[in-house]
Amino acid sequence: MSKQWWKESVVYQVYPRSFNDSNGDGIGDIKGITEKLDYLQELGIDVVWLSPVYQSPNDDNGYDISDYRDIMSEFGTMEEWEEMLDGMHVRGIKLLMDLVVNHSSDEHTWFLESRKSKDNEYRDYYIWRPGKDGKAPNNWASFFSGSAWQNDEETGEYYLHLFSKKQPDLNWENPKVRSEIHDVVRFWIDKGVDGFRLDAIDVISKTEGLPDAKVVNDDQYQWGGEYFFNGPRMMEFLKELDDEVFSKHDLMTVAETSSADIDRGIALTNEQDGVVNMLFHFEHMDLTSGPGGKWDQKDWELADLKRVMTKWQNDLEGKGWNSLYMENHDQPRSVSVFGNDKEYRVKSAKMLATWLHMMQGTPYIYQGQELGMTNVRFGSIEDYRDVEIHNMYKEQVLEKEVDPVTVMEKIYKKGRDNARTPMQWDASENAGFTTGDPWIKVNPNYKEINAEEALKDPASIFYHYKKLIELRKKHDVIVYGSYKLILEDHSEIYAYTRTLNDETLLVISNFSDKTPLFELPEDIGFSSKELLISNYEVGEEDIKGFKLKPYESRVYRLT
Ligand code: TEU
Ligand code: CA
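Residue numbering for the sequence shown follows UniProt numbering, beginning at 1 and increasing consecutively.
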């Protein structure tokens, strides 16, 4: 397996709106990030993935871009962005920008032109169709509820928007659109960025004719995924982007693909003819959803988590590369879902961190995850800001007359604002995030959970992450070792090994508040053992068999 810097790195995701506000307007900004670079350096991360900071009307917090070459006024200026980048580079931190090019904002000049007339030179930059019998061109549902089509008065036609109606899909079939996108990427490479995260990149190619989705229930709009996920020209478009732009530079690239299976993962990330370095698949995140999508919720099972993670570990080995993540700005807080955010918040957050960082792939830390930040339960729908949450709430409560209490419970479980409450810096008002009125409320637990406390406490989750990152730099086996699941059928323990040459890591995680017995499989032989990291005090005991404490995790290096 080839050695690469992006395999050896740990990435930290910054969601700028919620990270740190430097000027008291309640909105996180670029200067705010620069102020916290020492904090990131202390943690030891190698790369920052910065969620979008481009000019945007913020219908979807920057994922609706109105100018790809300018910085959002609320976040600051290009000069401040350059200072931030310099500040990162001086500290040895690289920067990944978010590339959101499945769609633009409806306020982008391309779209403003495009909607003007059917023969405007930008018309074909987007996907316009006449209506059918006074209705939308097909029955597709948007990711964010309702129809994926919006009728536009100017010309009487509809445009496609897989996300919000302020995020019209770009028409990748048009070579001009693709070359505009290449130019945008070159622009940021020239400014010195080190890589890109490719937003929703598995929906850029739609099936010709845009066929109606299969009707599976009596909803007005239906899931058309089979006609826009992994469309016929997706790989060709990405290959072109790679050949024309990415491959000419030493970049790190990661594809966000909510639909990817193993074969797609290999096609995208293999080192021979792949198009990106690594991918975010969603299979583990989807363990808390039923067939009806993210609002059709269910409990996850450890057996399924083992099956999904193990499949990606084993099947990508030597053929592609995993991104390791349990949180981001679209997902609830991992300690609230996969750990225990009540009695065992600190223990379970450390266990999850260890369990994830010891797998094969590049680990991602989402802002606040290193503090064990938790989900939030705001009392009113008015306290929420996310367009996805509001669209869903309206559809469920107003149109389908579902009980609002039931809908709020769904939001508490999987709403994206769980991860978007302001970063908790200290115990002062608004968690030290802003001196003004925060754009979204702070999680009320900030007095207990915050960075200042964490930095004072050698046993904090923060220092646990720091140690995991240090270990990664010391032991090649953490980056390059092969994974093997052990104790497959155990209902509480998730254990695996990583092996490189004559070195073996033994990673043991108790995913429960019980005290199950760990029994070492007989075929794991060794002559000496070294405890690399744990979340409880561990004595010099025999590891052939021992009882684990609630959410206990240990990593041994066996030689
Ligand atoms: O998300 C794309 C994506 O795959 C969505 O299905 C995502 O899972 C969604 O948040 C469902 O809850 C990306 C961004 O990460 C997201 O923040 C944006 O809203 C979206 O693209 C549109 O740009
Ligand atoms: Ca600000």
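Glycine included, every Cβ here is placed at the ideal spot set by N, Cα and C.
Only a predicted model underlies this, so the values are computations on that prediction, with no experimental measurement involved.
Identity of the residue in the options nearest residue i by Cα
i, options, result
"H161", "I189, L487, I204 and S18", "I204"
"I411", "E395, R377, Y221 and T77", "R377"
"E283", "N535, K214 and G265", "G265"
"D261", "W49, E271 and F229", "F229"
"D70", "Y54, L85 and E370", "Y54"
"K414", "L371, E327 and L517", "E327"
"M1", "Q272, P458 and N391", "Q272"
"D124", "N314, W188 and W172", "W172"
"H108", "W140, M392 and D169", "D169"
"V44", "I524, L287 and Y463", "Position check: residue 44 holds Gly in this sequence, whereas Val was assumed. For the residues I524, L287 and Y463, the minimum Cα distance to G44 belongs to Y463."
"S145", "E240, Y63, G292 and A200", "G292"
"G525", "A267, P211, L506 and G539", "L506"
"Y364", "T435, S56 and L279", "L279"
"D299", "V308, S289 and R307", "S289"
Boundaries (first-last residue) of the beta strand (DSSP E) holding residue i
i, result
"I486", "S482 to I486"
"G293", "G293 to Q297"
"D46", "First-last for D46: undefined, no H or E at that position."
"I365", "T362 to Y366"
"L279", "M278 to F280"
"Q13", "V11 to V14"
"E493", "The sequence shown places Ile at residue 493, rather than the Glu named in the question. Unbroken beta strand (DSSP E) run through I493: I493 to L500."
"N529", "Note that residue 529 corresponds to Lys in the displayed sequence, not to Asn. That run of the beta strand (DSSP E) goes K529 to S534."
"V254", "M252 to E256"
"S509", "E503 to N510"
"W149", "W149 to N151"
Proximity test, residue i beta-carbon vs ligand 2 heavy atom, cut-off 7 Å
i, result
"N61", "no"
"N23", "yes"
"I33", "no"
"D29", "yes"
Near ligand 1: residue i beta-carbon under 7 Å from a heavy atom
i, result
"A427", "no"
"V100", "yes"
"F229", "no"
"E256", "yes"
"H329", "yes"
"E388", "yes"
"D199", "yes"
"Q167", "yes"
"F111", "no"
"F19", "no"
"K294", "yes"
"R420", "no"
"R416", "yes"
"residue 562", "Given a span of 1 to 559 for the chain in the structure shown, any question on residue 562 remains unanswerable."
Assigned exposure category for residue i - 16 Cβ within 10 Å defines buried
i, result
"D60", "buried"
"E154", "exposed"
"E541", "exposed"
"V216", "exposed"
"K206", "buried"
"V405", "exposed"
"W81", "buried"
"H103", "buried"
"E552", "buried"
"T559", "exposed"
"Q360", "buried"
"E121", "exposed"
"A459", "exposed"
"K347", "buried"
"L398", "exposed"
"G62", "buried"
"D86", "exposed"
"S350", "For the sequence presented, residue 350 should be read as Lys rather than Ser. Counting Cβ neighbours within 10 Å, K350 comes out buried, since at least 16 surround it."
Segment limits, alpha helix (DSSP H) that includes residue i
i, result
"V405", "P404 to K414"
"Q313", "L302 to L316"
"Y393", "V387 to Y393"
"M179", "Just to set this straight, residue 179 is Ser in the shown sequence, not Met. Its alpha helix (DSSP H) spans residues P175 to D190."
"A353", "R345 to H357"
"I33", "I30 to E35"
"K166", "No alpha helix (DSSP H) contains K166, which DSSP labels as neither H nor E."
Worksheet item: Using 8 Å as the Cβ pair cut-off and three pairs as the minimum, do the region 90–101 and the region 181–200 touch?
Response: yes
Worksheet item: Is the region 496–516 touching the region 336–350 in the sense that three or more CB pairs, one from each, lie closer than 8 Å?
Response: yes
Practice prompt. For the region 72–80 and the region 25–38, state whether three or more C-beta atom pairs, one from each stretch, are separated by less than 8 Å.
Written response: yes
Worksheet entry | Stretch pair the region 224–242 + the region 123–132: three plus CB contacts closer than 8 Å | Using a C-beta cut-off of 8 Å, the region 224–242 makes no contact with the region 123–132, since fewer than three inter-stretch Cβ pairs fall below that distance.
Practice prompt. Tell me, please, whether the region 35–44 touches the region 435–445 by the rule of three or more beta-carbon pairs shorter than 8 Å.
Written response: no
Practice prompt. Pair every Cβ in the region 364–381 with every Cβ in the region 4–19, then say whether three or more of these pairs are closer than 8 Å.
Written response: yes
Discussion item. Under 8 Å, with one C-beta from each stretch per pair, do the region 492–500 and the region 472–481 reach the 3-pair mark?
Written reply: Yes: at least three Cβ pairs fall under 8 Å.
Worksheet entry | Any 3 or more C-beta pairs closer than 8 Å across the region 372–388 and the region 524–544 | Segment contact: the region 372–388 against the region 524–544, fewer than three CB-CB distances shorter than 8 Å; contact not assigned.
Worksheet entry | contact_flag[the region 478–495, the region 385–404] where n(CB pairs < 8 Å) is 3 or more | no
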